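A quick write-up on the structure given underneath.
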């Protein structure tokens with residue numbers, strides 16, 4: 002096991018618990034300070050800022066053990082010039098831009114309705130997302146499985162491409178459109194548990 006098997010949050014937890022004026026704000030500032038220092042050190046070791054940011058900016062990154070974050074950073078750094086990875090990045094960014102430009106109305110639940118799937122590609126994305134979610138839930142915090150997860154994620158590329166070739170997200174029926182956005186959102190939320198890939202350069 003790694004000597005430093007702790008998360009950024011763990012670094013200060015003990016000291017802050019004994020500190021009278023402890024606040025979430027203090028913890029947040031300290032965490033940000035540590036992240037800046039980590040980035041500075043790793044950047045000196047020739048790890049690029051976009052790669053560092055893409056991993057260190059994920060939701061709950063402060064709670065993830067540092068060796069796992071480091072493993073992801075090294076994996077992405079080694080993959081970023083890979084053609085297969087670049088193709089995945091383009092497909093992923095397409096999803097990212099669709100979701101950015103189409104916020105779901107508040108009154109709509111983010112619940113998928115399978116009976117609204119009109120195309121096989123929708124069913125396929127749905128099934129693949131469920132498989133990915135199971136694998137991620139099982140392996141996301143296991144250091145040995147990080148390369149396996151990134152491989153699974155990058156291999157989604159073909160399915161995403163086929164989806165966009167055959168499915169128009171912006172359907173004139175609002176229910177179908179919002180269901181398709183929810184479908185992509187579910188896939189996206191699972192992918193971004195590993196890294197915020199849109200921060201990476203094409």
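Residue numbers (our numbering): 2 to 203. Using N, Cα and C, we set each Cβ at its ideal position, and we do this for glycine too. This structure is a prediction, so every number in the text was calculated from the model and none was measured.
Residue of the options minimising C-alpha distance to residue i
i           : options              : result
residue 167 : 85, 29, 122 and 147  : 122
residue 9   : 44, 153 and 33       : 33
residue 118 : 62, 172 and 31       : 172
residue 91  : 154, 115, 148 and 63 : 154
residue 148 : 184, 96 and 73       : 73
residue 184 : 39, 30, 111 and 38   : 111
Inter-residue CB distance, residue i and residue j (contact presumed, cutoff 8 Å)
i           : j           : result
residue 126 : residue 164 : 5 Å
residue 105 : residue 187 : Rounded, the Cβ-Cβ distance is 12 Å, inconsistent with contact.
residue 93  : residue 13  : So it is not a contact: roughly 34 Å between Cβ atoms.
Separation of residue j from residue i, as counted between CA atoms
i           : j           : result
residue 69  : residue 56  : 10 Å
residue 44  : residue 133 : 31 Å
residue 192 : residue 24  : 32 Å
residue 145 : residue 100 : 32 Å
residue 71  : residue 48  : 10 Å
residue 97  : residue 141 : 21 Å
residue 41  : residue 59  : 18 Å
residue 175 : residue 75  : 42 Å
residue 28  : residue 89  : 36 Å
residue 194 : residue 139 : 13 Å
Close beta carbons around residue i, own chain, < 6 Å, minus the five adjacent residues each side
i          : result
residue 36 : 57
residue 66 : 6 and 8
residue 80 : 86
residue 2  : Bear in mind that the predicted position of residue 2 carries a pLDDT of just 42, short of 50, making it too unreliable to give a figure here.
Nonlocal neighbours in the same chain, by C-beta distance under 8 Å from residue i, ignoring five residues either side
i           : result
residue 77  : 52, 55, 56, 151, 196 and 201
residue 129 : 157, 160 and 188
residue 182 : 99, 100, 103, 105 and 170
residue 95  : 161 and 165
7 Å CB neighbourhood of residue i in its chain, flanking five on each side removed
i           : result
residue 63  : 8, 9, 10 and 32
residue 124 : 118
CB contact below 8 Å: residue i versus chain B
i          : result
residue 46 : Among the chains of the structure shown, chain B does not appear; only one protein chain is present.
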